[in-house]
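S.K.: Below you will find the structure I want to go over with you.
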Amino acid sequence: MVFACNANQTLTILNEPSRPERFILSSIRYETELHHEAVVHFDSSILPDNEMKPLPTRSNHIEHSGGRPDNYEITYIMHNQQPWARQSDKPCLVTYNPRSFINEGRALKRRSFQHIVHDVRHVSLLINVFRFIQGQKRTWHCGAHTLVNSQETCFVSGLATARQSGADYPFADPAAKRSFNYYGSIMYGSRFRRA
Ligand SMILES: Cc1cc2nc3c(=O)[nH]c(=O)nc-3n(C[C@H](O)[C@H](O)[C@H](O)COP(=O)(O)OP(=O)(O)OC[C@H]3O[C@@H](n4cnc5c(N)ncnc54)[C@H](O)[C@@H]3O)c2cc1C
């Protein structure tokens, strides 16, 4: 079985986790105060109306608030990023970690999620010990908590886990293969089945 969900979800699903599984999975931390909500909306009053002209020209807009350096609100201005988002006559905005007022009548969807705390401990310790629980009792792990928190590396972590549990590597591109081997080795060490 491959667990591709957050570590805390894995821990609730696993039947009788071993001590190393319990230690490693419960050591992964998720942000609880900030960075756990995103809103899809068309309330352009959230953007400044100044010489930067974010609404018609920018791909995103960032506002800091409070004392924490990572307390920032980002509005992704999707109609300036993606062709599909230009099909509507309304602005297409996604505000991450909302701090400004967003008119509920202009909000289409609110989503909450857990954002991993990607700190020195995670990178220097936890990533390196995951290999000791991989494949134990026929369970495997992939996703942001097993590598680095980005779309590409999370995808590669899934490919590497499939490879390590016996699958073929499916792509021909040499640069992609190099990246796959690099990240696979970080996850699985010298035992990684390189492509
Ligand atoms: C708002 C935002 C913007 C981002 N922007 C970027 C960016 O620009 N570039 C970039 O590289 N990265 C970006 N990231 C980070 C990137 O999206 C994540 O690192 C990546 O999606 C994590 O992948 P994952 O597979 O680990 O987890 P997820 O993509 O979260 O997938 C986990 C899946 O498990 C499912 N799941 C959870 N619990 C269970 C359960 N009990 N049973 C079954 N399924 C379950 C969930 O529904 C989810 O589909 C962004 C993240 C956020 C939140």
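For the sequence shown, the positions run 51 to 245 when the numbering used here is used.
A virtual CB, placed ideally from N, CA and C, is assigned to each residue, including glycine.
Predicted, not measured: the structure shown is a model, and the values here were computed from it.
Pull up the DSSP beta-bridge partners for His191, would you.
M.R.: For His191, which the question treats as bridged, DSSP gives the partners Phe53.
S.K.: Would you say the beta carbon of Ile63 is closer than 7 Å to some non-hydrogen atom of ligand 1?
M.R.: Yes.
S.K.: Within 10 angstroms of the Cβ of Gly234, are there 16 or more other Cβ atoms? Answer buried if so, exposed if not.
M.R.: So Gly234 ends up on the buried side.
S.K.: Give a yes or no on whether the C-beta atoms belonging to Glu87 and Asn147 are separated by under 8 Å.
M.R.: Yes, they are a contact pair.
S.K.: I need the straight-line Cα distance from His129 to Pro141, nearest angstrom please.
M.R.: If I take the Cα positions, the gap works out to 7 Å.
S.K.: For the beta strand (DSSP E) holding Thr145, just list the boundary residues, first then last.
M.R.: It spans 143–146 - the beta strand (DSSP E) in which Thr145 sits, taken as one unbroken run.
S.K.: Measuring CA to CA, which of Asn65, Phe230, Phe151, Gln201 is closest to Phe308?
M.R.: For the chain, the structure presents residues 51 to 245; residue 308 sits outside this window and is missing.
S.K.: Is Gln214 near ligand 1, with its Cβ less than 7 Å from a heavy atom?
M.R.: The answer is no for Gln214.
S.K.: Looking only at its own chain, which residues have a Cβ that is under 6 Å from the Cβ of His190, when we skip the five neighbours before and after it?
M.R.: His is not the amino acid found at residue 190; the sequence shown has Trp there. Counting only Cβ-Cβ distances below 6 Å, and skipping sequence neighbours, we find Val52, Gln184, Thr211, Ser215.
S.K.: When DSSP labels each residue in this structure, what does Ile112 get in the three-state scheme?
M.R.: Three-state DSSP puts Ile112 in a strand.
S.K.: Is the Cβ-Cβ distance between Leu75 and Ala57 less than 8 Å?
M.R.: Result yes, Cβ atoms of Leu75 and Ala57 sit closer than 8 Å.
S.K.: Quick one: any contact between the segment 104–120 and the segment 162–174, if contact means 3 or more CB pairs under 8 Å?
M.R.: No, because fewer than three Cβ pairs between the segment 104–120 and the segment 162–174 fall closer than 8 Å, the two stretches do not touch.
S.K.: Name the two residues that bound the continuous alpha helix (DSSP H) containing Ala222.
M.R.: Premise fails: Ala222 is in no alpha helix (DSSP H) and is neither H nor E.
S.K.: Between the segment 167–183 and the segment 196–211, do three or more beta carbon pairs fall short of 8 Å?
M.R.: Contact between the segment 167–183 and the segment 196–211 is present, because at least three Cβ pairs lie under 8 Å.
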